[in-house]
Structures are given as structure tokens and as C-alpha cells.
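**Q** Got a structure for you, written out below as C-alpha cells; questions coming shortly.
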Amino acid sequence: MKKVFILCLLGIFSCSQLCERSSHHSNRDKFTVIESYDSKTFEPETEASTTLVSEQESGVSSETVKAQELTPKLKKYCGDIEQSFKKYKWGKSSCEDFSWLHVRNSVLGKPLIWIVFGNETLIEKQPMNTTIVMCGVHGDEITPVKFCFDLIHDLQKNPGQLAENELLVVAPIVNPDSFFIQKPTRTNARGVDVNRNFPTKDWNANAIKEWKKRHASDKRRNPGKRAGSEPEVTFQVNLIKRYTPSKIVSVHSPLTIIDYDGPSIRSDKAKDLEHHAIEANELLYMMSEKAKGYKVSNYPHFPGSLGNWAGKELEIPTYTLELPSSDHTKTNEYWETFGPAVHYAIKHDMRMAPKKQAARD
Ligand SMILES: [Zn+2]
1231 MKKVFILCLL GIFSCSQLCE RSSHHSNRDK FTVIESYDSK TFEPETEAST
1281 TLVSEQESGV SSETVKAQEL TPKLKKYCGD IEQSFKKYKW GKSSCEDFSW
1331 LHVRNSVLGK PLIWIVFGNE TLIEKQPMNT TIVMCGVHGD EITPVKFCFD
1381 LIHDLQKNPG QLAENELLVV APIVNPDSFF IQKPTRTNAR GVDVNRNFPT
1431 KDWNANAIKE WKKRHASDKR RNPGKRAGSE PEVTFQVNLI KRYTPSKIVS
1481 VHSPLTIIDY DGPSIRSDKA KDLEHHAIEA NELLYMMSEK AKGYKVSNYP
1531 HFPGSLGNWA GKELEIPTYT LELPSSDHTK TNEYWETFGP AVHYAIKHDM
1581 RMAPKKQAAR D
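Read left to right, the sequence shown gives residues 1231 to 1591 (our numbering).
This is the structure in C-alpha cells:
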């Protein structure tokens, strides 16, 4: 394995994309960008006060987030999820058994839900090995949604899998409007690709230009009129802001690859930062190995993508797992193959010590 890994690293060293110089603004500065969104573009959050969480998912709060009984809105939503499980012959979703958290809604008013495994209250006392797993970013990619539910079922059944310092946050259906319609689509209800709408630094200069040039204005890849204009993007941004994960896994289909965006390995970095980047890259290859040697690929990044924003700009190791297909009959097979890889990623300790964190800032 070691030998393979070193060879892989050599590959990475020769890759200009991973080795490009990334910026070193502080996380706080980066998040300031988020706060300066034009809030008028967001859907009003009038329902937030009646949902499970009394605070916004943005901002780190000292309050404990406690999931309580399902609200009527979430009960109804669980009904939608159950229907989809029936449609795709996935068995029971058990949606109503889980402690969902919910603040924000999609364009069409569906709850954007997430669930936390582990003790969130410890975040302020010690750096946690926190992983965020997101699925259903593109609604026509059916298999990732079931993958996240398989992960949730697994954790619910075996909560002892997580050590005290480990936290897992799962958002199983990031873009519900595109998933629940009769013929699922990639883009959200406003026709925006919510993986091209993150507020990356190059968004204003390049997102629309590249969409027109590289994608001939392909409607499926529309980045939107303004960075961060979509509630499904704000949802992802705020989850990342809230939990400051040490890594992110975003599950898509059907490109049959696993891709990494994050700290690049450069010898001019401080030793501990270089070590962190090596660890982050090593995890990519370990995930591939755990998934029966799944293909590692350096997918090009785009203005407004999660990998570009969280991985390259915030330097949070971000792994995009592209399942082999969107064929809803293959979900058991995919869980069997890729469950161990994601499980390995969750356990892989990528915390940065406070000293390292400060140096990174
Ligand atoms: Zn996708």
C-alpha cells in the first residue's frame, strides 16, 4: 500500500491543479463573504421558528441543538421520502425514527434536513473529527440519496461506531425539489445547478462566462444569476460553517470516480500543513482501496462548485464520490462497495491541532 501511495503522490505532485497556490485568508474572512450575501434573494425563513431548531444553522452557537419530536412539516416530508422509497423499491425509510434537524427550506418549501451522530456539545471543548456527508445535490442522481439513508440506518443501528471525539453530519437530500418531482432533474426548482452556485472567488468573473463557453449554456449546469443565490446552497454553506468539518464527502453519480479537492501538497508549506495535506491526499487513495480499487480521478473544478469553495478556498479536504450509476436497483451493491470507504473516511482523523489551524489562517 505504501508503495502505491507514494506513486500516487508522485502523480499528485505532477498535477498542476492540486499543486496550485491557494489563498491563505482566514476562515473568518471567508465566511464574511457568506454573510454579505444579498439576503433578499433567500426564501423567508418564517417556518424556522416552528421547526426543530430554534436557531439558524449558521453561526456556531453555544446552545445545544436538540432534535425533538417531528413537526407536522417534517412528518409530511417523511411521508414524501417513504413514497420515494416505495417507488424505487428500497424498503422502509424509517424516516420518522430519526432525529432530523431542520431550519431552512428549498425553493418550493421542502425542508432541508440533516442529522448529527455523536456529541455535538463537545465541539466547543475539543477539536472534533467531524465529517459532513451530503447526498442528493443533483436530484436526478437517485442512488446517492439511498446511500446517505443506508449510512444513517447503519449509524442508528450501531452508534458505538463513533468514538467520543467523532462527529458525523449527514444531509441526505440537499436538493429535494429536483428529487421528488415525477421526472427528477439535476437543477433546483429555479433551474440552477446548486453545485455551481457556491460563492467562490472566481464566481463573478468566470461562472457565467465559463458556463456559456465550456457548457454552451447547458441548462443543466446553469450557475444562477448570482453566487449563493439558492437556498440549497446556503444550506450547504451554513452546515459547513456551523460544524467546521475536518472533511466533507459529497456523493454523486454516475461518473465512476472519486475526486479530491483540498489542501495541496507543497514543499514550501510549513511542515505540519504539508503533513496535513499529505494525510488528506492519502485518505483519497485509502477510500479508493476500501472501495475495491475505485478509480481516482482529478475532475476539473468549476466556479461555484463545492470542491472549489470548500476544498480549494477553505482548504477543507473534500471528497466527491461519484457512484457508478443512477440506477435505483443498484443501491445495495453500492452500499456494500462504498460503505466501507465512507466509513473509513469518517474514522480517519483529520483534525488540525489549534496550532496548525492558526498557521493555516
Ligand atoms: Zn452530481
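All residues carry an ideal CB built from backbone N, CA and C; glycine is no exception.
Predicted model only: the values in this text are computed from it and were never measured.
DSSP has THR1548 in a bridge; who is on the other side?
**A** THR1548 pairs with ILE1478, ASP1491.
**Q** Which residue comes first and which comes last in the beta strand (DSSP E) that contains ARG1334?
**A** Looking at the DSSP string, the run of the beta strand (DSSP E) that includes ARG1334 is 1331-1335.
**Q** Consider the C-beta atom of VAL1572 and the heavy atoms of ligand 1; say whether any pair is separated by less than 7 Å.
**A** Outside the cutoff, so no.
**Q** Return yes when the C-beta of ASN1436 is under 7 Å from any heavy atom of ligand 1, and no when it is not.
**A** No, since every heavy atom of ligand 1 falls outside the 7 Å radius drawn around the Cβ of ASN1436.
**Q** If you measure from each CB to the nearest heavy atom of ligand 1 and keep those under 6 Å, what residues do you get, in chain order?
**A** The filter returns VAL1367, HIS1368, GLU1371, HIS1482, in chain order.
**Q** Can you list, in chain order, the residues of its chain with a C-beta nearer than 6 Å to that of ALA1571? Leave out the 5 residues immediately preceding and following it.
**A** Within the same chain, ALA1571 has close Cβ partners MET1517, LYS1520, ALA1521.
**Q** Starting from TRP1565 and walking both ways along the alpha helix (DSSP H), at which residues does that stretch end?
**A** Start and end: 1561-1577.
**Q** Would you kindly report the start and end of the unbroken alpha helix (DSSP H) that includes ILE1470?
**A** Counting along the chain, the alpha helix (DSSP H) containing ILE1470 begins and ends at 1461-1473.
**Q** Look at the alpha carbon of VAL1526 and the alpha carbon of PRO1302, and state the distance between them as a whole number of angstroms.
**A** When rounded, the distance between both Cα atoms is 43 Å.
**Q** Which of the three DSSP states is assigned to MET1364 in this structure?
**A** Strand, per DSSP.
**Q** Take PHE1532 as the anchor and find which of VAL1467, TRP1433, LYS1455, SER1447 has the nearest alpha-carbon.
**A** Selected option, being the one with the closest Cα: TRP1433.
**Q** Between LYS1316, SER1314, LEU1342, VAL1363, which has its C-alpha nearest THR1474's C-alpha?
**A** Selected option, being the one with the closest Cα: VAL1363.
**Q** Kindly indicate which residue of PRO1429, ARG1451, LYS1439 has the alpha-carbon position closest to the one of GLY1421.
**A** GLY1421 has its Cα closest to that of ARG1451, out of PRO1429, ARG1451, LYS1439.
**Q** Consult DSSP for LYS1511 and reduce its assignment to one of helix, strand or coil.
**A** The sequence given here places Asn at residue 1511; Lys does not occur at that position. DSSP places ASN1511 in helix when its eight states are reduced to three.
**Q** Could you spell out the range, first to last residue, of the alpha helix (DSSP H) harbouring PHE1379?
**A** Start and end: 1372-1387.
**Q** DSSP puts PRO1533 in a beta bridge; with which residues?
**A** Partner(s): none; PRO1533 has no beta bridge.
**Q** Where does ASN1434 sit, in a helix, a strand or coil, going by DSSP?
**A** Residue state, collapsed to three classes: helix.
**Q** For ILE1353, name the three-state secondary structure that DSSP assigns.
**A** Three-state result, ILE1353: helix.
**Q** Please list the terminal residues of the continuous alpha helix (DSSP H) segment that includes GLU1312.
**A** That run of the alpha helix (DSSP H) goes 1302-1317.
**Q** Apart from the five residues just before and just after PRO1374, which ones in its own chain have a Cβ nearer than 7 Å to its Cβ?
**A** Taken in chain order, the residues that qualify are CYS1365, GLY1366, VAL1481, HIS1482, SER1483, LEU1553.
**Q** What is the rounded straight-line gap between the Cα of ASN1511 and the Cα of TYR1490?
**A** Roughly 8 Å between the two C-alpha positions.
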